[in-house]
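Heads up, the thing below is written out as structure tokens.
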Amino acid sequence: MAENEPCFTKPRYHGVSPALDDAYRLIEAAGIFYRGQLVGTAASVDPKAPAENYADCFVRDFFPVGLILLLENRADVVRSFLHLIMQLRGQQEELEGQQIAPGVMPASFRVQRNDRGEEEVLADFGDRAIGRVAPVDSMMWWSMLLYAYVQYTGDLDFAHSPEIQRMLRMILSLCLQSRFEVFPTLLVPDASFMIDRRMGVNGHPIEIQALFNATLRCASLLLPEQGSQWLVDLAQRRRNVLRSYVQQYYWLDMDALNRIYRFETEMLGVNIENLFNIHPESIPLWIQDWLPDGAGFFVGNLGPGRMDFRFFAQGNLLMLATGMATTAQAQALTSLIEQRWNDLLGRVPMKLVYPAVEGDEWRLITGSDPKNIPWSYHNGGNWPVMIWPLVAATIKAGRMDLAERAWQMVEPRLFADRWPEYYDGRLGRLVGRRANIGQVWSAAGLLLARYFLDEPSLLERLGFDEKLDEATESAEE
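To convert, take the position in the sequence shown, counting from 1, and add 652; that gives the numbering used here.
Right, here's the structure in full:
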């Protein structure tokens, strides 16, 4: 494709509404080219963006854009993106005395010109990011996009190419390597995924576990005859155990809360109820009145002596969208969304975390982060990009009414406010005080949700095809 050639020739929703037209325009304006080929989109086109890396293409930000490009017959762009990200893994600097794990992928990249006027791609592995945390989720979003690309295009030749096969083996080997743990979940540091600032989610956050499950599924793309059968088998076994484990121990409804409230502690042995030595005194006061009967959700984090009772939207929605929850859990989670609509969605879908941490808890958990003040940014702010996993999740759960209600609420708002990155306040009525305008994944999230609403079968064609109880059945076998 020649440079500056439009990425959308005949977009499906052209002329349908001013908001959708503007969403296409924004994605078009954010295009990043390398050697004449469109290879990604900038995170934001806001000329007043507070940080220079908003001009980068972030792997997680590009995921909804990539799905839209697949649906608009621009699979060539997605393929170029996947190939480029894979090639950038060699740019990570090694620390003295420390070997970098193969398979780590950059958080973002940019195309710039060097002193000789030549184009070059510069990747960021977290070494330039605030907090200097490696982006664990980049390789997972890359793997999910690869899987969607193969499912939608049928291009197995690309997946079976030596470079892609080697990359998949690196990613899976990294995720499945032996650690000092007895849990099937993946251990990561705070700030290593979408919540990329300190928010007290170091350990085993639910979002990473949902992405981990989707990554393990990509083992099906490996060619067994190249000596990968052991890795395929290991990934499948780990996936079965992981999904059953998360369904059992991360799930919280009133029955589970009552059990936790009456837990005995300091229990030893194998067949014990309080497996993690959770002290009932650690249950926050807000949860018992907030959690309705017949509703439930997956807690934010779980580990020795610790259960994080906060609601994390991305992880919960991905649990449904990828078929990792049971049918009963999906119904209970969508019931929670419906009954706690003002708390979780307010005026803009959806709060990344609920509730916000405040007071001394805010100071201890966030390190007095001025960007994550209560009911702002990651700490209780509303993120428009959540509309696409919300729509995907509610469609999978058979609640098309909730999906359409959320989309109708957000469409005029985002267009009128010029596509903010996030909103502030308990109901999301304020444009985020440090939010970018022209945030590309806010526009892409709205567009992608519209595709799913009008043609739910696209979820299956893009790889979101597992039935909600499929994993439970395979684990029991």
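No residue lacks a Cβ here, since even glycine has one placed at the ideal position from N, Cα and C.
No experiment lies behind these values; they were computed from the predicted model shown.
| query | result |
| --- | --- |
| Buried or exposed: which applies to Glu1128, given that a residue is buried once 16 or more other Cβ atoms fall within 10 Å of its Cβ? | Low confidence applies to Glu1128: its pLDDT is 49, below 50, so where it sits in the model is not reliable enough to give any reading. |
| What whole-angstrom Cβ distance do Met757 and Trp794 have, given they're in contact under 8 Å? | 6 Å |
| Would you mind giving the Cβ-Cβ distance between Tyr902 and Phe864, rounded to the nearest angstrom? I have them listed as a contact below 8 Å. | Incorrect: roughly 13 Å between the Cβ atoms, too far for contact. |
| Quick check on the burial criterion: 16 or more other C-beta atoms within 10 angstroms. Buried or exposed for His1030? | buried |
| Taking the beta carbon of Trp1040 as the centre, do at least 16 other beta carbons fall within 10 Å, making it buried, or is it exposed? | buried |
| So, using beta-carbon positions, are Glu1107 and Phe964 closer together than 9 Å? | no |
| Relative to the C-alpha of Gly1115, which residue among Glu772, Gly975, Leu826 is closest? | Gly975 |
| To the nearest angstrom, report how far apart Ser1020 and Trp1014 are at their CA atoms. | 6 Å |
| When you compare each of Ala671, Val785, Tyr801, Leu678 to Ser732 by their alpha carbons, which one comes out closest? | Tyr801 |
| Whole angstroms is fine: what's the gap from Ser973's alpha carbon to Met792's? | As written in the sequence, residue 973 is Ala, which differs from the Ser given in the question. C-alpha separation (whole angstroms): 15 Å. |
| Check whether the stretch 881-895 and the stretch 1053-1069 touch, using three or more Cβ-Cβ pairs below 8 Å as the test. | no |
| From the DSSP output, which residues share a beta bridge with Ser760? | Phe710, Asp776 |
| Assign Val834 to one of two classes, buried (16 or more other C-beta atoms within 10 Å of its C-beta) or exposed (fewer than that). | exposed |
| Report the partner residues of Gly1032 according to the DSSP bridge assignment. | Ser1028 |
| Along the chain, where does the alpha helix (DSSP H) containing Trp903 start, and where does it finish? | Unbroken run through Trp903 is the beta strand (DSSP E), 903-905; no alpha helix (DSSP H). |
| Whether or not the stretch 908-923 and the stretch 850-857 are in contact is what I'm after, with contact meaning three or more pairs of Cβ atoms, one per stretch, closer than 8 Å; do they touch? | no |
| Kindly confirm or deny that the stretch 1090-1105 and the stretch 669-683 touch, where touching means at least three C-beta pairs closer than 8 Å. | yes |
| Under 8 Å by Cβ, that's how I've got Ala694 and Cys709 pegged, so tell me the actual separation to the nearest angstrom. | 6 Å |
| Based on DSSP bridge pairs, tell me the residues matched to Tyr1006. | Phe963 |
| Let me know the secondary structure DSSP gives Glu1112 once reduced to three states. | helix |
| Using the beta-carbon count (16 or more within 10 Å), is Arg962 buried or exposed? | buried |
| Please name the residue or residues paired with Arg958 in a DSSP beta bridge. | Gly955 |
| Assuming the contact rule is C-beta atoms closer than 8 Å, Val730 and Leu721 should be a hit. Round their C-beta distance to whole Å, please. | 5 Å |
| So, is Val922 buried or exposed, given that buried needs 16 or more other C-beta atoms within 10 angstroms? | exposed |
| By how many angstroms is the C-alpha of Met919 removed from the C-alpha of His931? | 11 Å |
| Have a look at Leu927 and Leu909 and give me their C-alpha separation to the nearest angstrom. | 15 Å |
| Please list, in chain order, all residues of the same chain as Pro1213 whose beta carbon is under 7 Å from its beta carbon, the five residues on each side excluded. | Limits of the chain in this structure are 653 at one end and 1129 at the other, which puts residue 1213 out of reach. |
| By DSSP's criteria, Arg765 is part of a beta bridge. Which residues make up the other side? | Glu771 |
| When the distance is taken between beta carbons, is Leu988 closer than 9 Å to Gly948? | yes |
| If you draw a straight line from the alpha carbon of Leu672 to that of Leu719, how long is it in whole angstroms? | 16 Å |
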